[in-house]
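Take a look at the structure below.
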Amino acid sequence: MIQQLGIVSVEDVFKQLTNLFGCANWKVEHTAETYQAVATTCKLCALAKKMGGASPCHGWCIDPMAAMINSLVANQRKTATIRIESTLMDDISCALAINVSHTADKEV
203 MIQQLGIVSV EDVFKQLTNL FGCANWKVEH TAETYQAVAT TCKLCALAKK
253 MGGASPCHGW CIDPMAAMIN SLVANQRKTA TIRIESTLMD DISCALAINV
303 SHTADKEV
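Next comes the structure, spelled out in structure tokens:
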């Protein structure tokens, strides 16, 4: 799926999903090996709140994006640590901190 969407970087995960679904307005800042992704609006979250439903954040958004990021960086011999700082269900923004580091080479 990553290849079909033309995703080659962590930023692309957010950019391409925003372009494809138009759900959240993700903005990504990148410094060294850290990415800060923030969305201040999300149509799915707004709908869930309006209808009194459960949070869609993990199952429909964060978990699939995390899987894409982990797959992408694994192909580059790196690992990603993704920390959820806030979601729009509970706060004024959805904020994720993503730290990407090189995987230590294992001796055979």
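Those letters in the sequence shown? Residues 203 to 310, by this note's numbering.
For every residue, glycine included, the Cβ atom is placed at its ideal position computed from N, Cα and C.
Note that this is a predicted model, so its numbers are computed, not measured.
Under 9 Å between C-beta atoms of residue i and residue j
i, j, result
"I300", "V212", "yes"
"M203", "M270", "yes"
"A248", "S257", "no"
"T281", "T305", "yes"
Run of the beta strand (DSSP E) containing residue i, from where it starts to where it stops
i, result
"Q218", "Unbroken run through Q218 is the alpha helix (DSSP H), 212 to 223; no beta strand (DSSP E)."
"S295", "From DSSP, S295 is part of no beta strand (DSSP E); its letter is neither H nor E."
Neighbour-count burial assignment, residue i, 16 or more Cβ in a 10 Å radius
i, result
"Q243", "One point to set straight first is that residue 243 is Thr, not Gln, in the sequence displayed. With fewer than 16 other Cβ atoms within 10 Å, it is exposed."
"R279", "exposed"
"F216", "buried"
"W228", "buried"
"I209", "buried"
"L222", "exposed"
"A226", "buried"
Given residue i as reference, the closest of the options once Cα atoms are compared
i, options, result
"I264", "G254, S303, L246", "L246"
"Q205", "M253, T283, L274, S295", "L274"
"T289", "T281, A282, L298", "L298"
"D292", "A234, C259, A276, N277", "C259"
"N277", "V302, Q238, Q218, E231", "V302"
Check your understanding: If you scan the stretch 223 to 289 from start to end, which runs of the alpha helix (DSSP H) of 4 or more residues do you find wholly inside it?
Key -> Runs of the alpha helix (DSSP H) inside the stretch 223 to 289: 245 to 253, 265 to 276.
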